[in-house]
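Protein sequence lines, in the order shown, are assigned to chains A and B. Under my numbering, the first residue of the first sequence carries the number 76, and numbering increases by one thereafter. Under my numbering, the first residue of the second sequence carries the number 681, and numbering increases by one thereafter. Take a look at the structure set out below.
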Amino acid sequence: MAEQEQKRQRSPADTKTETAEVTVEAKASETAEKLDDLLDEIDAVLEENAEEFVKNYVQKGGE
Amino acid sequence: MALAKVIGTETEFGITVRNQLDFNPSVASGFVINAYRGDAARVQWSFEEESPGRDARGFGFETAVPSDLEAGMANVVLTNGARLYVDHAHPEYSTPECLTPLEAALHDKAGEVVIARAARAAQELVPAGQIVGLYKNNSDGRGNSYGAHENYLLSRALPFDDVIRHLTAFLVTRQVFTGSGKLGSENGRPDVDFQLTQRADFFEEEVGLETTLKRPIINTRDEPHGTPSKYRRLHVIIGDATMSETQTFLKVGSTALLLAALEDGALPDFIALRHPVESCWQVSHDLEMRRPLRLEGGATATALDIQWQYHDWLSKYAEQFEGEHDLVLSEWGKILTDLERDPLSTADRLDWAAKYRLLKGMQERDGLSWKDPKLGALNLQFHDVDPERGIFHRLVRRGAINRLFTDSEVDAATTHPPEGTRAYFRGECVARYPKALVAANWDSLVFDTGEGSLKRVPMMEPLRGGKDLVEELLESSLTAAQLLDALGGSDGRAGTETTTIPG
């Protein structure tokens, strides 16, 4: 009886956890998709000659 | 009761003009600044009263006089009360004096927009094929750093030793949320793929006057730009220039709150790092934020532990006040919680996290080495102030970055001064009397009304000259001569006296 009660008490929490896991997974894949999208956009605007760009970015110290 | 923490930021921007064979950064910086139109009104900066060589600890009294070359370069005051100029080899923007952290974050962003507009205007003037680029970062990745400084108004009564004792561990550990992120390491520090800040590698001393070499965690420059017997201006040089508005707000908001508590004697204790300089780069190199830092006395604590301690002390201190403190503390608490749980979950608020997420994503997708030039290009282009080229701006447009301000609020701040400090009087005078106002700086204005000698209006009180005190005076003065007549000898409203400079 006590065991059953415990089970019953636990079950809503379990369901919640499962839902949460599913949501987290969904969010993770959505985030990954967004990141892929973003990286594609960056590819299109990123300096084409990266090596030359980085090599020539030399600043004098300031302050 | 602590003084209102008047706040201002100074940002030096990285500059390139690609495909320009005789590129000279100082000349190019002047070119960019002179190309800026904004609202056409601007007034020449005046160098009197500057003393960057004065030391807060009371010794060392060298006076740094700007060279003729520097003085002759672009150096102007805008209608928002800001200073736009060439500092050595970089365009620099100093915000007007702001009364709150939110206002300071807004004006810091407005400065970025001013620089972006200046760059666009300069682009129109260079031969086809040359590309003008301005970057809100602090390092070229080859051992050269340029600054992003914060300034806070402090009471002269606060012993400077207290500032050193209480602020060092705070400044070292706040890097977890003040960094804008950088590929690799510099200045002989251990190699890393990526680190939290642009600047940490360059700090080599605990306390000192220097800003260009052997940089200190606590900078002792004592140049109050106000009545020296009443005020200090704390010059914090350890931060990164930040593009996220939330991040700039957190950076200046938490620091200003700590300084207010310090002035009120409300900090129950202090935290002393055993090796502050080593801890400085160690915090920056620790993306997981788990590294224990040695404290005096033998204990250890992580950067987040130390930040939580300050957050706890300052929460108790701020209970007695109303205002922006609540927002500072709640955003600060959220950031610390999120950094503890999953550092990259702050990518919507912190530059370093937003940047690292992109670099890591690209590195994994393309199977690149961390030294690949493509990542190097992204590492730089992230900070390009140009709205089209700049990667941070792309993130903003995609809604990936939380904003505090609207574009129109930022736009207004490029021309309108803060209303609660002397910046209001300065900016309004630039806007209203641009011909008669021949020079301006932080603590004075010089007018030439055509009546013989020049008239100087000192503004030694940063908190006077705000809208509520001087708007009526300005409204009723159609000319500078009328303004000066109305000011008379001294009516105190702008915190001023009119004095005569032999001219």
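All residues carry an ideal CB built from backbone N, CA and C; glycine is no exception.
Within-8 Å CB hit, residue i to chain A
i	result
B/GLY1130	no
B/THR891	yes
B/VAL745	Residue confidence for B/VAL745 is low, a pLDDT of 40 falling below 50, so the modelled location carries little weight and cannot support an answer.
B/HIS905	no
B/ALA1057	yes
B/SER774	no
B/TYR1187	Outside the shown range of chain B, which is 681 to 1183, sits residue 1187 of chain B, and nothing can be said about it.
B/ARG1078	yes
B/GLY694	yes
B/LYS1054	yes
B/MET1140	no
B/ALA736	no
B/ALA769	yes
B/ASP748	Summary for B/ASP748: the model assigns pLDDT 39, below 50, so the residue's position carries little reliability; its value from the coordinates is reported in the next sentence. False, the Cβ-Cβ gap to chain A never drops below 8 Å.
B/GLN1061	yes
B/LEU1038	yes
B/MET1042	yes
B/PRO807	no
B/ARG913	no
B/ASP992	no
B/ILE1071	yes
B/ASP820	yes
B/PRO972	no
Beta-carbon proximity list for residue i, same chain, < 6 Å, skipping 5 on both sides
i	result
B/GLU1108	LEU1154
B/PHE1062	LYS1035, ILE1071 and PHE1072
B/CYS778	ILE687, ALA784, HIS787 and PRO1098
B/HIS1096	ASN760
B/GLY1079	none
B/ASP881	SER865, GLU866, ASN867, ARG869 and TRP961
B/ASN899	HIS915 and ILE917
DSSP-derived helix/strand/coil call for residue i
i	result
B/GLY688	strand
B/ASP748	Bear in mind that the predicted position of B/ASP748 carries a pLDDT of just 39, short of 50, making it unreliable; the figure below should be weighed with that in mind. Helix at B/ASP748.
B/TYR1104	helix
B/HIS770	strand
B/PHE727	coil
B/SER819	strand
B/ASP842	helix
B/ASN714	helix
B/TYR990	helix
B/ALA1119	strand
B/LYS1051	coil
A/VAL133	coil
B/PHE850	helix
A/ARG85	Model confidence at A/ARG85 stands at a pLDDT of 42, short of 50, so the residue's coordinates are unreliable and nothing is read from them.
B/ASN755	strand
B/SER709	helix
B/THR891	coil
8 Å contact criterion, which residue i and residue j should meet: CB distance rounded
i	j	result
B/ALA796	B/ASP1066	6 Å
B/ILE713	B/VAL793	No, B/ILE713 and B/VAL793 are not in contact; Cβ-Cβ is about 14 Å, not under 8 Å.
B/ASP1018	B/SER1025	5 Å
B/ARG717	B/GLN810	Not a contact, Cβ separation roughly 20 Å.
B/ALA1057	A/ALA119	No, B/ALA1057 and A/ALA119 are not in contact; Cβ-Cβ is about 13 Å, not under 8 Å.
B/ARG901	B/ALA736	7 Å
B/SER860	B/ASN831	Between B/ASN831 and B/SER860 the Cβ distance is about 19 Å, and since that is not below 8 Å, they are no contact.
Contact with chain B by residue i, beta-carbon distance below 8 Å
i	result
A/GLU126	yes
A/GLU116	yes
A/GLU108	no
A/GLU105	no
Residues of its chain near residue i, where Cβ-Cβ distance is below 7 Å and the 5 sequence neighbours each way are ignored
i	result
B/VAL745	Its pLDDT being 40, under 50, B/VAL745 is placed unreliably by the model, and nothing is read from it.
B/PHE1085	LEU786, LYS789 and GLU925
B/LEU1075	ALA1034 and ILE1081
Neighbourhood of residue i by C-beta, 8 Å cutoff - its chain only, sequence neighbours within 5 removed
i	result
B/ARG974	LEU953, ARG954, HIS955, SER959 and THR980
B/TRP725	ASN755, VAL756, VAL757, ARG763, TYR765, ALA1119, ALA1120 and ASN1121
A/GLN79	Its pLDDT being 43, under 50, A/GLN79 is placed unreliably by the model, and nothing is read from it.
B/TRP988	LEU1016
Any non-hydrogen atom of the ligand ATP within 7 Å of residue i CB
i	result
B/GLN700	The model depicted lacks the ligand ATP and carries no ligand whatsoever.
Which runs of the alpha helix (DSSP H) fall wholly inside the segment 1009–1046 of chain B and span at least 4 residues, in chain order? 1031–1046
Can you give, in chain order, each stretch of the beta strand (DSSP E) that sits fully within the segment 904–949 of chain B and has at least 3 residues?
-> 911–916
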